[in-house]
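Trainee: Could you have a look at this structure, given as structure tokens, before my questions?
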Amino acid sequence: MKWETVIGLEVHTQLATQSKIFSGSSTAFGAAPNTQASAVDIALPGVLPVLNRGAVECAIRFGLAVGATLNRVNVFDRKNYFYPDLPKGYQISQLAKPIVEHGTLKIAVDDAEKTIRITRAHLEEDAGKSLHEDFHGMTGIDLNRAGTPLLEIVSEPDMRSSAEAVAYARALHTLVSWIGICDGNMQEGSFRVDANVSVRPVGQKEFGTRREIKNLNSFRFLQQAIDYEIRWQIETLEDGGRIQQATVLFDPDTGATRMMRSKEEAHDYRYFPDPDLLPVKLDESWIEAVRAALPELPAAMQARFQKDYGVSAYDATVLTGSRALAAYFEAAAQKSGQPKLAANWVMGELSAALNKAELDIAASPVSAAQLGALVNRIQDGTLSGKLAKQVFEGLWEGAGEVDAIIEARGLKQMSDSGELEAIVDAVLAANQKSVEEFRAGKDKAFNALVGQVMKASHGRANPAQVNELLKAKLQ
Amino acid sequence: MFESSISTLAARLAAKDISSRELAQAWLDRIGALNPVINAFITVDADKTLAEAAAADAMRVAGTAGPLTGVPVAHKDIFCTEGWLTTCGSKMLHNFVAPYDAHVIQRFKAAGLPSLGKTNMDEFAMGSSNETSFYGAVKNPWDVARVPGGSSGGAAACVAARMAPAATGTDTGGSIRQPAAFTGITGLKPTYGLVSRYGMIAFASSLDQAGPMAKSAEDCALLLNVMTGFDPNDSTSLDRAKEDYTRDLDKPLAGVRVGLPREFFAAGLDGTVAAAVETAIGELKKLGAIPVDISLANSRLAIPVYYVLAPAEASSNLSRFDGVRYGHRATEYADLDDMYAKTRAQGFGAEVKRRILIGTYVLSHGYYDAYYVQAQKIRRLIADDFREAFKACDLILGPTTPGTAFRIGEISDDPVQMYLNDLYTIPANLAGLPGMSLPCGFDAQGLPIGLQLVGNYFDEARMLNVAHQYQRVTDWHTRRPEGLQ
Amino acid sequence: MSLSTDDIKRIARLARIEIDDAQAQATQGQLNTIFGLIAAMQAVNTTGIAPMAHAQEVFQRLREDAVTEADRRDAFQAIAPAVENGLYLVPRVIE
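Protein chains in written order, with the working numbering: chain Y, 100 to 574; chain L, 181 to 665; chain S, -6 to 88.
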């Protein structure tokens, strides 16, 4: 039987506010346990929540960025359950009237574009952390994270493969970082993904029973977990088994998913509107001010890059991986006037060097202006690709500007044909054997001669010119 | 001195006729003598009280004293008070020394009113008799075999027994007004949102409101001036211009339209109470007030609605009492869930558990719409009735309770009978309207009878005006229980 | 409608309140009496009536995004049942 996979994602993004969603505690990561847990965060008797304007504004920004409906009046509900990292015994969330509904996000997989529908995005508070190191058989609770604002972004089950799910998660990750509502730090849990996965026979209309994989904090784990889950579900069904709705965890060590023990019991969250919080009203003037302050969004920028700079759809997606990268590319493209060549250098040499050094584009030792200047010197024939790489190394080391490095290191491509001719003659004289072999019909011997000339010129000769000259001399 | 009004005490303090320390000591001595009988206080801490009184005296010396600086008051044990045991009447918080002050406490501190201690109350404010307190029942000073009402029973009893010049209370379904009626004092529940709920341990968040309990409407007005005010820490606190609630006390009542809801004088009302209320209406007529017949047709549904909404909110509000961060924790348990279940089974009393279970049920899957949403809809119908009624009248008047104080143990095993006590008080909470109770007579056993006023939103000053004018021509509020010397 | 003892046990479990069979039976009687009182509500036609969740028809006030709280861990943990290294301790949690 042929199977089709159906995936929907729920993504928890920690919002990049200074203070918590309902208290004035800091949201900074990494503080000593419970030192950023105020009376409100630890739910002392009598305390009350007051909503953070910054968190609401982040949600508005997101809603506008995905072309969603912003519910002008939205409501906070209580989700009731007991857990030690949930101090009030309920999480303040939004159920019936979330702030954001009906958005879309475009993804590209293998150059095919697809639109993923975003069902809703709602504001809620994060829980604390349970530390399972051994405290005499007890668990330690740190409530520093409790009350950190989250935007939970829920997609429709529109994805059909792990690749699409990863593409969507990446696009979302780019977007929330792009519009400045999330720092995107997945190691620190700022962007956590739950994947709802089911399979069904191709052609069947109804969805299969889904299992939810909780808390995936890297794109690689997302891919691995979904792929494992798909295989497991198909095998189970083909063996005549049935899928039970379940919540599972992915174990990166085994590459497998397993049922969460704490979630076995059926929940009844008893949602109801939080009587401590009033309905939230979004004024048009506020929405318009947020809209006016939005940066150009990745999708618009991708379209513009394709149109204005002639880069491919795939390259445009790569170049808009972050706002800083896109700005860098655009500066280099404009400086050089050679957008495609600039794009190749940004995605090639520069990205590789940054990756190797584990540096962010913002910390690049080579500026966009310098890369643009380098591209210029390639375009005008001063540098061959090979020489350009040496100049790039110089730039990376901080050896100065492009022309100065070329000068200082003697990396200018040979433009004087007299000088080149002398080298060619010397090489031919010194390699009579190769000359004879070439004349005897061995084409390989020609390449050897080119190599010798390039070597003798210390790489400064223009390979095309060398070819031409050699051919002329050997005929 | 124990009969003095707050303004008299304030005047003596201002004249330096007496110091706050002396005043506090005198009241502490009286508390020491009477509390073993009345059990109005859960916590008395003379050192803390006297330190606060000394601070008030220092304010006077420094010239920073306000109108009531130095007048001691008692606080219901529902208000978190930094450094004080704050139990909310529950075993669950038997060891909870609050690490912060409720907004109301902050306001009293800032105004220089020392605390005489923390008053007894029904556990988590759930009760109408004060019998649900883990710290024992409070006795009604008029007859110590009877309840003082609840949940602010300790506050009411301590004012009635003259163990404090005044006290704070809270009112979710009648918890200020019903005990005020049962003990012959004056108590006021303000418009929802006027007094901050921050630091007031929540029972039913959308209904809870704190207010003053004192010997007279005038005293209530003075205390209301201290208690009200915008608090940015409470999202439901209303950002309004500060009012002086004494401003209209002396206004004549000529032409004031007093609405008499038919439903509040129907079957179920004790005859003696009805007669006392009728007499009070007569007094008000003499003062120029005009009685108007009105109807609050949906108020008959107030109790059903309340016993869905209040337990629902409470079931969630009380989830934080889990033995993890403060309060009681069971000593023996098998695992985490067992720790929760035993902690909560041991820490909560029977009535609190009952309401948590009701609330859990009405919010649970499959019942939410039929109970919770239906109750919220009828809540609107009840509020709309008031809105309509206030087109025809300026103020609503009726009995505070169907009867007078009952005997301790008389109905404690019958929750429904207990709940019916709040028949006339709950509608104002559901609508968010201000209400007050003031004494208007005694029954054959010599037990006080309460007259209830319900004002329109933010119309506290008018309510206090009517009450004060009534108290100028009657002396019910000056009567005090015999035999408590 | 009336609640069974199984209903009572289910909601007691949801509310994390230990209850034995005898208590469940006693509670069943009391709760059914109370729900008898509440039943008066069910006959009311509320079609088209908006639920009233708050006493005042006002909207949520918003707090500026600023850190206003200082570290008060020591004061807060002085009243905690069990702490170690600044953490609240609970019986082992199994995920």
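For each residue, glycine too, the CB sits at the ideal point set by N, CA and C.
Hey, is residue 149 (chain Y)'s beta-carbon within less than 8 angstroms of any beta-carbon in chain L?
Mentor: yes
Trainee: For residue 87 (chain S), count neighbouring Cβ atoms within 10 angstroms of its own Cβ and tell me buried if that reaches 16, exposed if not.
Mentor: exposed
Trainee: What residue range is occupied by the uninterrupted alpha helix (DSSP H) comprising residue 400 (chain L)?
Mentor: Its alpha helix (DSSP H) spans residues 397 to 407.
Trainee: For chain S, find out if any of its Cβ atoms is closer than 8 angstroms to the Cβ of residue 181 (chain Y); answer yes or no.
Mentor: It does: the Cβ of residue 181 (chain Y) has a partner Cβ on chain S nearer than 8 angstroms.
Trainee: Could you check the C-alpha separation between residue 543 (chain Y) and residue 455 (chain Y) for me, to the nearest Å?
Mentor: 36 angstroms
Trainee: DSSP state of residue 598 (chain L), grouped into three classes?
Mentor: helix
Trainee: Return the residues of the stretch 69 to 84 of chain S that lie within a Cβ-Cβ distance of less than 8 angstroms from chain Y, sorted by chain order.
Mentor: 69, 70, 75, 77, 78, 79, 80, 81, 82, 83 and 84
Trainee: Leaving out the 5 sequence neighbours to the left and right, which residues in its chain are closer than 7 angstroms to residue 272 (chain L) when beta-carbon positions are compared?
Mentor: For residue 272 (chain L), where only same-chain residues beyond five positions count, the Cβ hits under 7 angstroms are 501, 507, 508, 527 and 528.
Trainee: Report back the beta-carbon spacing between residue 307 (chain L) and residue 332 (chain L) to the nearest angstrom; my notes put them in contact at under 8 angstroms.
Mentor: 10 angstroms between Cβ atoms; not a contact.
Trainee: Which bits of chain S does residue 376 (chain Y) rub up against, with CB to CB less than 8 angstroms?
Mentor: 53
Trainee: Which partner residues of residue 632 (chain L) appear in the DSSP bridge assignment?
Mentor: L:578 and L:617
Trainee: In or out: residue 186 (chain Y) buried (at least 16 other Cβ within 10 Å) or exposed?
Mentor: With 16 or more Cβ atoms within 10 Å of its Cβ, residue 186 (chain Y) is classed as buried.
Trainee: Is there a Cβ of chain S sitting closer than 8 angstroms to that of residue 363 (chain Y), yes or no?
Mentor: Summary for residue 363 (chain Y): the model assigns pLDDT 49, below 50, so the residue's position carries little reliability, and this model does not support an answer.
Trainee: Buried or exposed for residue 551 (chain Y), going by 16 or more other Cβ atoms inside 10 Å?
Mentor: buried
Trainee: Roughly how many angstroms lie between the CA atoms of residue 302 (chain Y) and residue 255 (chain Y), to the nearest whole one?
Mentor: 19 angstroms
Trainee: Would you please verify whether the beta carbon of residue 228 (chain Y) is less than 8 angstroms from any beta carbon of chain L?
Mentor: no
Trainee: Which same chain residues end up closer than 7 angstroms to residue 214 (chain L) when comparing Cβ atoms and leaving out the 5 residues on each side of it in sequence?
Mentor: 341, 343 and 664
Trainee: Would you mind sorting residue 413 (chain Y) into buried or exposed? The rule is 16 or more other CB atoms within 10 Å of its CB.
Mentor: exposed
Trainee: Under the rule that 16 or more other beta-carbon atoms within 10 Å means buried, what is residue 232 (chain L), buried or exposed?
Mentor: buried
Trainee: Going by DSSP, what residues sit across from residue 290 (chain Y) in a beta bridge?
Mentor: Y:112
Trainee: Using a Cβ-Cβ distance under 8 angstroms, would residue 595 (chain L) count as near chain S?
Mentor: yes
Trainee: Starting from the beta carbon of residue 519 (chain L), find every residue of chain S whose beta carbon is closer than 8 angstroms, and list them in chain order.
Mentor: 83 and 84
Trainee: What span of residues does the beta strand (DSSP E) with residue 607 (chain L) cover, start to end?
Mentor: First-last for residue 607 (chain L): 606 to 611, but that is the alpha helix (DSSP H), not the beta strand (DSSP E).
Trainee: What does DSSP give as the partner residues of residue 205 (chain Y) in its beta bridges?
Mentor: BP columns for residue 205 (chain Y) point to Y:214.
Trainee: Would residue 314 (chain L) count as contacting chain B if we go by Cβ distances under 8 angstroms?
Mentor: The chain labelled as chain B is not found among the protein chains of the depicted structure, namely Y, L and S.
Trainee: Got a sec: which bits of the stretch 371 to 397 of chain Y sit with their beta carbon under 7 angstroms from any beta carbon on chain S, in order along the chain?
Mentor: Residues passing the 7 angstroms Cβ filter: 372, 374, 376, 377, 378, 379 and 380.
Trainee: Taking three-plus beta-carbon pairs below 8 angstroms as touching, is the stretch 245 to 256 of chain L in contact with the stretch 283 to 301 of chain L?
Mentor: Judged by Cβ distances under 8 angstroms, the stretch 245 to 256 of chain L makes contact with the stretch 283 to 301 of chain L, as three or more pairs qualify.
Trainee: What residue range is occupied by the uninterrupted alpha helix (DSSP H) comprising residue 454 (chain Y)?
Mentor: Counted as a single uninterrupted DSSP element, the alpha helix (DSSP H) harbouring residue 454 (chain Y) occupies residues 450 to 456.
Trainee: Closer than 8 angstroms, Cβ to any Cβ of chain S: which residues of the stretch 543 to 568 of chain L, in chain order?
Mentor: 544, 550, 551, 553, 554, 555, 556, 557, 558, 559, 560, 561 and 563
Trainee: Would you give the residue range spanned by the beta strand (DSSP E) that residue 189 (chain Y) belongs to?
Mentor: 189 to 192
Trainee: Report yes if the C-beta distance between residue 275 (chain Y) and residue 112 (chain Y) is below 8 angstroms; otherwise report no.
Mentor: yes
Trainee: What distance in whole Å lies between the Cβ atoms of residue 199 (chain L) and residue 237 (chain L), which are believed to be in contact at a cut-off of 8 angstroms?
Mentor: 5 angstroms
Trainee: Where does residue 231 (chain Y) sit, in a helix, a strand or coil, going by DSSP?
Mentor: Strand, per DSSP.
Trainee: Helix, strand or coil: how does DSSP classify residue 314 (chain Y) here?
Mentor: strand
Trainee: Should residue 384 (chain Y) go down as buried or exposed, given a rule of 16 or more other Cβ atoms within 10 Å for buried?
Mentor: Burial call: exposed.
Trainee: Under 8 angstroms, CB to CB, which of the residues in the stretch 374 to 403 of chain L have a partner in chain Y?
Mentor: Among the residues of the stretch 374 to 403 of chain L, those with a Cβ less than 8 angstroms away from any Cβ of chain Y are 377, 378, 379, 380, 381, 382, 384, 385 and 386, in the order of the chain.
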